[in-house]
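In the numbering used here, the protein residues as written are 14 to 185. Where is the CB? At the ideal position from N, CA and C, for every residue including glycine. As the structure is a computational prediction, the values presented were derived from the model and not from experiment.
Have a look at this one:
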């Protein structure tokens, strides 16, 4: 491997790596279309803003090319589909007092939450990941209870985003 880009990364960092490694184009005829403007309506209330970090959402929005599916819509859909299963796995690990599985499940959920800018969720997952890593399970149930409340708030904030309005949220 000749280059490495750790997550989370900005579009500028990604573009710098791609520029270094991709061959230069001979003409603009084959250039991809310009990204869609990042301008979005500021309809989020302060609670949603505290739950979701707009910078991360903007990074995903910046990947949207005119005429292509919106990547943020897909990321929201995947999160709303997969996070409940990850939370169930985390709950089962806590009930079983399985510290390595608590760490692994919390880490996976933390990564998914960070990608979407759900930083309160990610921080709580980090606490559970540390609990699992240190095999110090006394506070696991209390932190998990907090996580469930934060997850409900996170889902509410995500479904309030304009990109989520295209989803069939019957399963969420």
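| query | result |
| --- | --- |
| Shortest alpha-carbon distance to residue 155 belongs to which of 175, 128, 138 and 65? | 138 |
| Which residue wins for smallest C-alpha separation from residue 128, given the options 22, 82 and 33? | 22 |
| Using a threshold of 8 Å, state whether the C-beta atoms of residue 103 and residue 157 are closer than that. | yes |
| What would DSSP say about residue 171, mapped onto helix, strand or coil? | helix |
| Could you tell me which of 166, 111 and 171 sits nearest to residue 146, measuring between CA atoms? | 111 |
| Looking at the unbroken alpha helix (DSSP H) that takes in residue 113, where does it start and where does it end? | 112-129 |
| For residue 168, is the classification buried or exposed, using 16 other Cβ atoms within 10 angstroms of its Cβ as the cut-off for buried? | buried |
| Here's the rule I'm using: 16 or more other beta-carbon atoms within 10 Å means buried, otherwise exposed. How should residue 189 be labelled? | Outside the shown range of the chain, which is 14 to 185, sits residue 189, and nothing can be said about it. |
| When you compare each of 118, 165, 170 and 132 to residue 153 by their alpha carbons, which one comes out closest? | 118 |
| Would you give the residue range spanned by the alpha helix (DSSP H) that residue 97 belongs to? | 84-108 |
| In chain order, what residues of the same chain lie with their CB nearer than 7 Å to the CB of residue 179, ignoring the 5 residues before and after it? | 86 |
| Can you tell me which residues form a DSSP beta bridge with residue 34? | The partner list for residue 34 (beta bridge, DSSP) is empty, contrary to what the question assumes. |
| Please state if the CB of residue 89 and the CB of residue 176 are separated by a distance shorter than 8 Å. | yes |
| What did DSSP end up calling residue 23 once you bin it into helix, strand or coil? | coil |
| What is the residue span of the alpha helix (DSSP H) that residue 135 lies within? | 132-147 |
| Could you tell me the distance, in whole angstroms, from the CA atom of residue 69 to the CA atom of residue 32? | 22 Å |
| Does the separation of the CB atoms of residue 108 and residue 64 fall below 8 Å? | no |
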